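Novice:
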């Protein structure tokens with residue numbers, strides 16, 4: 004008879020990786036969230052072959068001391084919560100302490116970091132096992148390099164999508180991150196070519212234009228409202244601009260992008276006869292609530308949440324949007340005079356329009372703008 008025994012840390016991390024790390028975009032999500040929690044104002048994502056070969060995330064956050072780097076590779080080691088009470092008032096994006104060890108267990112990872120008070124230091128891991136460490140020149144912040152994802156789990160690698168699909172998932176995540184943190188400058192390159200860039204100037208319209216084009220961005224209507232529990236604000240498109248799916252609807256709760264079909268329905272309910280059947284608006288909805296009113300510890304990816312009084316929130320959203328559309332004096336949809344659906348900018352690859360920084364020359368295909376150089380005056 005097989006006896007019960009404790010799993011080795013390596014095996015436990017690989018099992019956890021099955022929930023946390025599904026594809027390259029999962030890695031980008033976890034690393035970018037760490038950068039955001041580290042108070043970075045610039046986050047750079049460099050991909051090789053859409054992240055299938057290598058993912059590098061570099062930030063200018065507060066960094067880690069040399070002794071903290073190996074601790075970050077231990078499961079359930081985190082700086083973001085320390086008590087049960089903290090779990091019910093979560094304000095950071097990450098809090099479980101599972102991401103880095105899970106990613107490291109199925110890849111070759113190098114972490115380089117520096118704080119204001121310590122020198123730059125790096126650790127190199129293979130399948131979660133340390134292989135090298137040492138001092139290195141590096142500006143304040145952190146760089147995490149993930150190579151050969153799923154090299155030791157070929158069945159997982161085999162089921163990854165093609166490079167186009169993986170790249171599209173990463174760009175979609177970065178677009179959502181820019182919406183939830185418009186004060187952060189994001190830059191993404193693939194094989195050295197700039198694909199997505201924001202300025203960090205908190206201009207939501209500019210971010211929407213980067214994904215859906217300037218015409219759609221110009222058609223956005225602003226709204227805001229509140230009740231005793233929730234405060235909402237954001238932008239939603241006029242009925243002349245719509246999509247064939249709900250992908251244009253983005254919900255941000257306390258600076259965290261979430262998925263909630265019920266709230267998505269509350270948004271579309273406001274449009275009712277204003278849109279053709281099967282068409283949906285472009286909406287960026289920001290929700291602000293006391294952290295104790297929401298539970299984000301529901302889904303491994305922390306995308307789904309539970310609200311204390313979801314019905315009251317839905318009523319508020321629909322009412323505010325209806326009033327906004329009414330104030331705009333928008334006509335009802337007439338099937339004989341169908342508005343034209345604004346298509347996404349077509350391209351041979353999922354490249355989002357870049358927004359050049361002020362007082363800099365627009366980036367070219369051969370010489371992509373290097374935000375890292377601009378902010379730190381050093382080259383990687």
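In our numbering, the protein residues as written are 4 to 383.
Ideal placement from N, C-alpha and C gives every residue a C-beta, glycine not left out.
This structure is a prediction, so every number in the text was calculated from the model and none was measured.
With DSSP as the reference, label residue 317 as helix, strand or coil.
Specialist: Note: residue 317 maps to helix in three-state DSSP.
Novice: Identify, in the order they occur along the chain, each residue of the same chain with its Cβ nearer than 8 angstroms to the Cβ of residue 340, setting aside the five sequence neighbours on each side.
Specialist: Caution applies to residue 340, whose pLDDT of 44 falls short of 50 and renders its modelled position unreliable; the value that the coordinates give is listed next. Within the same chain, residue 340 has no close Cβ partners at all.
Novice: Excluding the five sequence neighbours on either side, which residues of its own chain have a C-beta within less than 7 angstroms of the C-beta of residue 258, listed in chain order?
Specialist: These residues qualify, in order along the chain: 183, 184.
Novice: Between residue 164 and chain D, is the shortest Cβ-Cβ distance under 7 angstroms, so that the two count as touching?
Specialist: No chain D is part of this structure, which consists of one protein chain only.
Novice: Going by DSSP, which residues form a beta bridge with residue 189?
Specialist: Paired residues: 46.
Novice: According to DSSP, simplified to helix, strand and coil, what is residue 238?
Specialist: Looking at residue 238 - three-state DSSP - the assignment turns out to be strand.
Novice: Just to confirm the assignment, what range does the alpha helix (DSSP H) spanning residue 169 have?
Specialist: Looking at the DSSP string, the run of the alpha helix (DSSP H) that includes residue 169 is 166-183.
Novice: Helix, strand or coil for residue 229, going by three-state DSSP, please let me know.
Specialist: Correct three-state label for residue 229: strand.
Novice: Looking only at DSSP bridge pairs, what is residue 133 linked to?
Specialist: BP columns for residue 133 point to 128.
Novice: Could you check what DSSP says for residue 40 in three-state terms: helix, strand or coil?
Specialist: Helix.
Novice: Where are the alpha helix (DSSP H) runs, 4 residues long or more, that stay fully inside the stretch 242-288, in chain order?
Specialist: List check, alpha helix (DSSP H) in window: 264-272.
Novice: Figure out for me which residue from 76, 170, 176 has the closest Cα to the Cα of residue 129.
Specialist: When only C-alpha atoms are compared, the closest one is 76.
Novice: For residue 165, count neighbouring C-beta atoms within 10 Å of its own C-beta (all shown protein chains included) and say buried if the count is 16 or more, exposed if not.
Specialist: Exposed, by the Cβ-count rule.
Novice: Using CA coordinates, which residue listed in 330, 291, 298 is at the minimum distance from residue 273?
Specialist: For residue 273, the nearest C-alpha among the options comes from 330.
Novice: Let me know if residue 200 comes out buried or exposed under the rule of 16 or more other beta-carbons within 10 Å of its beta-carbon.
Specialist: The residue is buried, with at least 16 neighbouring Cβ atoms inside 10 Å.
Novice: Considering only residues of the same chain and omitting the five flanking positions on each side of residue 127, which have a CB-CB separation below 6 angstroms?
Specialist: Result list for residue 127: 113, 134, 135, in chain order.
Novice: What would DSSP say about residue 71, mapped onto helix, strand or coil?
Specialist: In the structure shown, residue 71 sits in a helix (DSSP, three-state: H, G or I).
Novice: Quick one: what's got a C-beta closer than 8 angstroms to residue 176's C-beta in the same chain, skipping five residues either side?
Specialist: Closer than 8 angstroms at the Cβ level, and outside the excluded window around residue 176, lie 28, 31, 32, 35.
Novice: Which residues in the same chain have their Cβ closer than 7 angstroms to the Cβ of residue 296, if we skip the five residues on either side of it in sequence?
Specialist: Once the five neighbours on either side are set aside, the close Cβ partners of residue 296 are 232, 310, 311.
Novice: For residue 234, collect the residues of the same chain with a Cβ closer than 7 angstroms to its Cβ; drop the 5 residues on either side in sequence, then sort them by chain order.
Specialist: Within the same chain, residue 234 has close Cβ partners 291.
Novice: Taking just the CA atoms, how far does residue 65 sit from residue 245?
Specialist: Each residue's alpha carbon lies about 41 angstroms from the other.
Novice: For residue 325, does the three-state DSSP call read helix, strand or coil?
Specialist: In this structure, residue 325 counts as helix in the three-state DSSP scheme.
Novice: Say whether the stretch 58-73 touches the stretch 211-226, bearing in mind that this needs 3 or more beta-carbon pairs closer than 8 angstroms, one atom from each stretch.
Specialist: Not touching, per the Cβ criterion.
Novice: Give me the Cα-Cα distance between residue 288 and residue 320, rounded to the nearest whole angstrom.
Specialist: So the alpha carbons of these two residues sit roughly 9 angstroms apart.
Novice: Can you tell me whether DSSP reads residue 110 as helix, strand or coil?
Specialist: In this structure, residue 110 counts as coil in the three-state DSSP scheme.
Novice: I'd like to know whether the C-beta atoms of residue 242 and residue 278 end up nearer to each other than 7 angstroms.
Specialist: Taking 7 angstroms as the Cβ cut-off, residue 242 and residue 278 qualify as a contacting pair.
Novice: By alpha-carbon positions, which one of 106, 104, 141 ends up nearest to residue 119?
Specialist: Taking only the C-alpha atoms, the option nearest residue 119 is 141.
Novice: Give the secondary structure of residue 292 by DSSP, where H, G and I count as helix, E and B as strand, and everything else as coil.
Specialist: If DSSP states are grouped into helix, strand and coil, residue 292 belongs with the strands.
Novice: What is the DSSP secondary structure of residue 103, counted as helix, strand or coil?
Specialist: DSSP places residue 103 in helix when its eight states are reduced to three.
Novice: Could you spell out the range, first to last residue, of the alpha helix (DSSP H) harbouring residue 209?
Specialist: Start and end: 207-215.
Novice: Residue 123 and residue 62 - do their beta-carbons sit closer together than 7 angstroms?
Specialist: Their beta carbons are not under 7 angstroms apart, which means residue 62 does not touch residue 123 by this criterion.
Novice: Does DSSP put residue 196 in a helix, in a strand, or in coil?
Specialist: The answer is strand: DSSP assigns residue 196 an E or B state.
Novice: By a C-beta neighbour count over all protein chains shown, 10 Å radius and 16 as the cutoff for buried, is residue 281 buried or exposed?
Specialist: With fewer than 16 other Cβ atoms within 10 Å, it is exposed.
Novice: Alpha carbons only, please: which of 173, 236, 269, 230 is nearest the one belonging to residue 249?
Specialist: The residue with the shortest Cα to Cα distance from residue 249 is 269.
Novice: Please list, in chain order, all residues of the same chain as residue 298 whose beta carbon is under 7 angstroms from its beta carbon, the five residues on each side excluded.
Specialist: Correct list, in chain order: 308, 309.
Novice: Contact check, residue 44 vs residue 203 under 8 angstroms by CB: the rounded distance?
Specialist: 6 angstroms between Cβ atoms; contact.
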